[in-house]
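0 is the number of the first residue of the sequence shown in numbering that gives the first Met the number 0; add one for each residue after it. Positions of the beta carbon are idealized from the N, C-alpha and C atoms, including for glycine. Remarks on the structure that follows.
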Amino acid sequence: MKLLKEFTIPFVGLKIGKHHFDYKVKQTFFEHFEYDDFNDVNVSVNLELEKKTTLLELHFKISGWVNVNCDLTNEPYNQTIENEFDLVVKFGDEYNDENIDILIIPHGTYEVNIQQYIYELIILAVPIKRIHPGIEDGTLDSEILEKLEELSPKLEKNKDKEEDIDPRWNTLKKLLTDK
């Protein structure tokens, strides 16, 4: 995968201390990764880089929204997201990103690319189960939702069936629970 230049930070010319970087992530960023679960994206990334003599400390903060389809109705909606992440960049003999929180880059490297970390932060901030907020508060008017209501089993019918059960079965059910 090709690295995006706007997410490459040349730290060699920076003074020791804290530096701030702001990024706006749009849909084209995810097209670069060939990730198509999002319909639209508007995320702000606030990066604080603290340069020290032997290492770099990066603190990522993201906030914004991603437009995704609801898992129940397939209706698109904007899911708000927020996430934070701390990364320590150390210098070593060879490149090593096996540890989640520590990135080791070779001595003599003068820049670090952060696009993969931003990508993962946004993906991990989206909930696994995506439910349209209109479903929870009852304001969503959708054909799919109406069809689900129509086809869902009615609870009152099940109560009638339980009352018709022979009482001798209750004694047998008691044996299962008395273990």
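Where residue i sits in the DSSP three-state scheme
i: T7; result: strand
i: T72; result: coil
Residue i burial status per 10 Å Cβ neighbour count (16 or more: buried)
i: H131; result: buried
i: Y94; result: exposed
i: Y109; result: exposed
i: T170; result: exposed
i: L57; result: buried
i: L150; result: exposed
i: T176; result: exposed
i: T27; result: exposed
i: V24; result: buried
i: F32; result: exposed
i: V11; result: exposed
i: L120; result: buried
i: F29; result: buried
Alpha-carbon spacing of residue i relative to residue j, whole angstroms
i: E5; j: N68; result: 29 Å
i: T79; j: N41; result: 10 Å
i: A124; j: G63; result: 10 Å
i: T52; j: P9; result: 15 Å
i: G16; j: E47; result: 10 Å
i: F20; j: E135; result: 37 Å
i: R129; j: G107; result: 44 Å
i: I86; j: K153; result: The sequence given here has Leu at residue 86, not Ile. So the alpha carbons of these two residues sit roughly 52 Å apart.
i: P75; j: K50; result: 42 Å
i: K173; j: F59; result: 56 Å
i: H18; j: I127; result: 34 Å
i: E148; j: L139; result: 13 Å
i: Y118; j: N38; result: 15 Å
i: V88; j: I101; result: 6 Å
i: N45; j: L54; result: 20 Å
i: T72; j: I122; result: 21 Å
Supposed close pair residue i, residue j - CB separation, criterion 8 Å
i: Y116; j: F84; result: 7 Å
i: L2; j: N77; result: The pair is not a contact, with the Cβ atoms about 29 Å apart (cut-off 8 Å).
Next on the checklist: List, from N- to C-terminal side, the beta strand (DSSP E) runs of 3 residues or more that fit wholly inside the region 110-142.
Outcome noted: 110-112
Checklist entry - What are the uninterrupted segments assigned as alpha helix (DSSP H) that are 4 or more residues long and contained completely in the region 18-106, given in chain order? => result Counting only runs of at least 4 residues, the region 18-106 fully encloses the following alpha helix (DSSP H) elements, listed from N- to C-terminal order: 26-31.
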